[in-house]
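Participant: Before I ask anything, let me first share the structure, which is written out below as C-alpha cells.
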Amino acid sequence: MAEKAILYDATKCTACRGCQVACKQWNENDEVIPTEENGVASKNWGSYENPPDLSPTTWLKMRFTEVETGGKVRWLFTRQACMHCTDAGCVRVCPNGTLYHDTEHGFVVYNQDTCTGCGYCVEACPFDVPRLEKSGILDIAGKMSKCTFCTTPGLDRIAEGWEPACVKTCPSGALKYGDRAALVAEGKKRVQTLKDAGWTEANLYGENELGGLHVMYVLDDSPAVYGLPLSPQISAATIAWKDVIQPVGWAVGGLAIAGLGMNWLVARANVKKEAKK
1 MAEKAILYDA TKCTACRGCQ VACKQWNEND EVIPTEENGV ASKNWGSYEN
51 PPDLSPTTWL KMRFTEVETG GKVRWLFTRQ ACMHCTDAGC VRVCPNGTLY
101 HDTEHGFVVY NQDTCTGCGY CVEACPFDVP RLEKSGILDI AGKMSKCTFC
151 TTPGLDRIAE GWEPACVKTC PSGALKYGDR AALVAEGKKR VQTLKDAGWT
201 EANLYGENEL GGLHVMYVLD DSPAVYGLPL SPQISAATIA WKDVIQPVGW
251 AVGGLAIAGL GMNWLVARAN VKKEAKK
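Take 1 as the starting number for the sequence shown in the working numbering and just add one per residue.
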C-alpha cells in the first residue's frame, strides 16, 4: 500500500482551530480541567492561541505569527504537531523500540505501555513535538505523548479507511489526506499557483526534509517566517547515541553481567573446595 500523508495549505487556513478540538475529542484528550503537570490550561494570555503550547493532552495546536508585508500586518498560521518524519530522530534514540515506523503507511507511532519516560525523544525532535507526562510528588517524568496520526489502538481511524479527525473537520479545505506521492504533486501545483500570483517565496515544505515528512506544508513564505527550521536535522549527538554510545553501553553491560557471572562461579567453586577440606 502507498504511503499516506497530510497536506496542510497555510494559505487556506482560517485558524478556526476545529482541528484542535477534533483531535482532542477523537483521541479522548479532553482538557476540561487540565492538571498542572500534564495539561497546558487555556487562558487569556494576550493571544488567540489556546492553549499556549503542546502538552501530553494537546497533540495539535495552531500557532499564530504576525508579520508585516507591504506595510500591512497579517497573520500566518502554523500547524504544530508531529511531522511523522521518514528519518525520525525520536525513533533513532528510543532505547527500547517504543517509537517505531508504521511500515504500511510511514507514520511514526508508539507503544505507550513500553515507554520508560527517558525523554530522549523530546531532545531528538527538531520540531519540539513530543511531550512527557509528569507524575508523583517528585515530579518524575512519565510516559511520552504525541500525535498518532489517528492510529491509537481502539481509536484507529486509518484502519477503518477514514481520514484523520483533524482533516475530517477542516471547513476550509486547508487539510487534505491521501497517498503521499499524490499530495506531493498537488502541493507543487498549489505552490506554482502562488508563485504565479506573486508569492515568490512560496514553497512545499516536507517533500524531502528528513527523508520526507508525512505532514507537508504549502507555504506562501519562507519556512523560517512560519517558525519552521529551514533545514531540520538530527543532531550529531542523537546519531552518536543510537549508533555508538547505546551499542557500547549494551556491550559494557553485557560484559559486566558476564563478569558477575564468572565471579559467582569462581566463588561457588572456592566454597565447594573449602567444604571438602
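All C-beta atoms, glycine included, are put in the ideal place defined by N, C-alpha and C.
Starting from Leu204, follow its DSSP beta bridges and name the residues at the other end.
Facilitator: Beta-bridge partners of Leu204 (DSSP): Val218.
Participant: As an exercise, report each continuous alpha helix (DSSP H) stretch of at least 4 residues that is fully enclosed by the stretch 68-131, in chain order.
Facilitator: 89-93 and 120-124
Participant: Could you work out which residue in Glu3, Thr114 and Gly187 is closest to Leu325 when comparing CA atoms only?
Facilitator: Since the first residue of the chain shown is 1 and the last is 277, residue 325 is not available in this structure.
Participant: Could you tell me which residues DSSP pairs with Ser145 in its beta bridges?
Facilitator: Arg131
Participant: When the distance is taken between beta carbons, is Val109 closer than 8 Å to Thr57?
Facilitator: no
Participant: Can the beta-carbon of Gly227 be found less than 8 Å from the beta-carbon of Val215?
Facilitator: no
Participant: For Ala22, report the span of its beta strand (DSSP E) as first-last.
Facilitator: Per DSSP, Ala22 belongs to no beta strand (DSSP E); it is in the alpha helix (DSSP H), Gly18 to Trp26.
Participant: Report buried or exposed for Ser55, applying the criterion of at least 16 other Cβ atoms within 10 angstroms of its Cβ.
Facilitator: buried
Participant: For the pair the stretch 124-131 and the stretch 162-179, tell me if three or more CB-CB distances fall below 8 Å.
Facilitator: Touching, no.
Participant: Go to Gly187, then tell me how far its alpha helix (DSSP H) extends in each direction, as first and last residue.
Facilitator: Arg180 to Asp196
Participant: Helix or strand or just coil, what does DSSP make of Glu160?
Facilitator: coil
Participant: From the DSSP output, in three-state form, read off Leu279 for me.
Facilitator: Residue numbering for the chain in the displayed model covers 1 to 277; residue 279 lies beyond these limits and cannot be assessed.
Participant: Among residues of its own chain, excluding the 5 on either side of Asp156, which ones have a beta-carbon nearer than 8 Å to its beta-carbon?
Facilitator: Counting only residues of its own chain and dropping the five nearest sequence neighbours on each side, Asp156 has a CB closer than 8 Å to the CB of Cys150.
Participant: Using a Cβ distance threshold of 8 Å, determine whether the stretch 2-20 contacts the stretch 75-82, with at least three qualifying pairs required.
Facilitator: yes
Participant: Looking at Leu60: is its Cβ nearer than 8 Å to the Cβ of Cys147?
Facilitator: Yes, the Cβ-Cβ distance between Leu60 and Cys147 is below 8 Å.
Participant: Leaving out the 5 sequence neighbours to the left and right, which residues in its chain are closer than 7 Å to Gly18 when beta-carbon positions are compared?
Facilitator: Here the set comprises Thr169, Cys170 and Pro171.
Participant: What number of angstroms, rounded off, separates the C-alpha of Gly154 from the C-alpha of Asp102?
Facilitator: 16 Å
Participant: Just how far apart, CA to CA, sit Leu204 and Tyr217?
Facilitator: 6 Å
Participant: Here's a check: name, in chain order, each residue in its chain whose Cβ is nearer than 6 Å to the Cβ of Pro223, leaving out the five neighbours to either side.
Facilitator: Tyr205 and Leu230
Participant: Just confirm the distance between the C-beta atoms of Ala88 and Thr238, as a whole number of angstroms; I'd bet it's less than 8 Å.
Facilitator: That pair is no contact at about 10 Å.
Participant: Considering just the uninterrupted stretch of the alpha helix (DSSP H) at Ala165, what are its terminal residues?
Facilitator: Ala165 to Thr169
Participant: Take the Cβ of Asp221 as the centre, count every other Cβ of all protein chains shown within 10 Å, and call the residue buried at 16 or more, exposed below.
Facilitator: Buried is the call here.
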